[in-house]
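Remarks on the structure that follows.
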Amino acid sequence: MATPGEWLRANLGVLIASIAIVCLAAIALVVVFVFRVQNISVEGNVHYTSEEIEAMVLTDRLSYNSLYLSLKYRNKEIRDIPFIETMSVRVDSPDSITIRVYEKSVAGYVEYMGRYMYFDRDGIVVESSETRTEGIPQVTGIRFDHVVLYEALPVKNTDIFQEILSITQMLSKHQITTDKIYFNESNEITLYFDNIRAKLGKDNLEEKVMRLEQILPNLSGESGVLDLQNYSEDRKNVTFQKDG
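Each residue of the sequence shown is one higher than the one before, starting from 1 at the first, in this note's numbering.
Written out as structure tokens, the structure reads:
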């Protein structure tokens with residue numbers, strides 16, 4: 001019969017292996033359960049919902065482990081996503097992460113060869129897509145003969161982009177969403193809202209947009225032309241001509 005010392009020497013390797021297995025199993029359980037992502041915060045997103053952003057980052061089962069994410073996205077940003085400049089992932093605690101979204105600045109879009117070409121405040125085409133994004137106005141009336149991604153739209157009057165930026169900022173300030181912005185040859189502006197065409201002209205735009213905010217709710221379901229071209233603080237001249 002083997003003595004305890006002899007038994008220990010004979011089974012030392014098995015004991016060490018068993019202890020190692022138990023330790024590894026304990027570590028694995030800690031990694032799986034303690035570092036399991038349960039709280040996700042998304043910041044800076046406009047074009048995509050928080051759920052869509054989460055799906056872009058958490059692409060597989062491993063992605064729900066904060067330890068894995070901290071290694072995967074350490075000193076690394078997510079790029080090559082339409083309308084997104086970059087995205088970064090920050091691990092706040094073992095079960096919580098924050099996804100920070102930095103979107104491209106988009107002022108509007110033009111249609112070209114069956115695609116939607118989105119441009120920024122400087123007229124630089126930042127995205128080409130087959131999908132129209134809600135909340136971004138179409139800009140018509142500007143002339144160009146070609147479009148190159150990441151280059152400025154080749155228009156004669158580059159000041160038009162400052163005008164586009166100004167009107168979109170005014171609309172955003174008053175929580176007005178337009179479907180389309182049209183510029184005629186004199187750079188006079190017409191805004192489209194479903195079946196309503198609002199003619200603003202090119203002067204006193206701030207006052208006209210403020211008045212537009214008050215009028216539009218009363219024209220719900222109507223179809224026609226709302227003429228504010230001659231409206232100003234001194235002249236409250238507004239007309240509406242129904243279609244037909």
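We put the CB at the ideal spot given by N, CA and C, even for glycine.
8 Å Cβ cutoff met for residue i and residue j
i      : j      : result
Gly244 : Thr177 : no
Val89  : Leu62  : no
Leu205 : Ala198 : no
Ile181 : Val139 : yes
His47  : Thr133 : yes
Arg121 : Phe183 : no
Val147 : Met117 : yes
Ile189 : Lys202 : yes
Phe119 : Leu153 : yes
Option nearest residue i by Cα separation, candidates the options
i      : options                        : result
Ala107 : Arg79, Gln169, Ser223, Ser93   : Gln169
Ile99  : Tyr48, Thr49, Gln214, Glu43    : Glu43
Asn45  : Pro82, Leu219, Lys242          : Pro82
Glu233 : Ser220, Val209, Ser50          : Val209
Gly221 : Ile215, Phe240, Asp194, Ile142 : Asp194
Glu185 : Val91, Ser93, Gly141, Lys72    : Gly141
Lys242 : Asp203, Glu51, Gly224, Asn230  : Gly224
Pro137 : Val155, Asn230, Ile167         : Ile167
Ser96  : Leu153, Leu58, Asn187          : Leu58
Asp145 : Tyr231, Met113, Ile189, Lys202 : Met113
Asp179 : Val110, Asn75, Met87, Asp92    : Val110
Same chain, Cβ closer than 7 Å to residue i, five either side skipped, listed in chain order
i      : result
Arg115 : Ser128, Ser129, Glu130
Tyr164 : The sequence shown places Ile at residue 164, not Tyr. Once the five neighbours on either side are set aside, the close Cβ partners of Ile164 are Ala107, Gly108, Val139, Ile181.
Phe248 : Since the first and last residues shown for the chain are 1 and 244, residue 248 lies out of range.
Ser50  : Val42
Asp92  : Thr98
Residues near residue i by beta carbon distance below 6 Å, same chain, minus five either side
i      : result
Leu149 : Val125, Ser128
Glu85  : Tyr102, Lys104
Leu228 : Leu200, Lys208, Val238
Tyr73  : Val89
Leu219 : Ile196
Proximity test, residue i beta-carbon vs the ligand PLP heavy atom, cut-off 7 Å
i      : result
Gly114 : Questions concerning the ligand PLP fall outside what the structure shown contains, since it holds no ligand whatsoever.
Sequence-distant residues of the same chain with beta carbon closer than 8 Å to residue i, five excluded per side
i      : result
Gln175 : Glu213
Contact with chain D by residue i, beta-carbon distance below 8 Å
i      : result
Pro154 : Protein chains in the displayed structure number just one, and chain D is not present.
Open item on the list: Which runs of the beta strand (DSSP E) at least 3 residues long sit entirely within the region 33–83? Give them in chain order.
Closed with: 39–43
Task: Those runs of the beta strand (DSSP E) which lie wholly inside the region 124–162 and span at least 3 residues - done: 125–129, 138–140
Open item on the list: Ignoring anything shorter than 3 residues, give me the beta strand (DSSP E) runs that lie fully in the region 155–206, in order along the chain.
Closed with: 180–183, 189–193, 196–201
- [ ] Output the residue ranges of the beta strand (DSSP E) runs that lie fully inside the region 205–239 and measure 3 residues or longer, sorted by chain position.
- [x] 224–227
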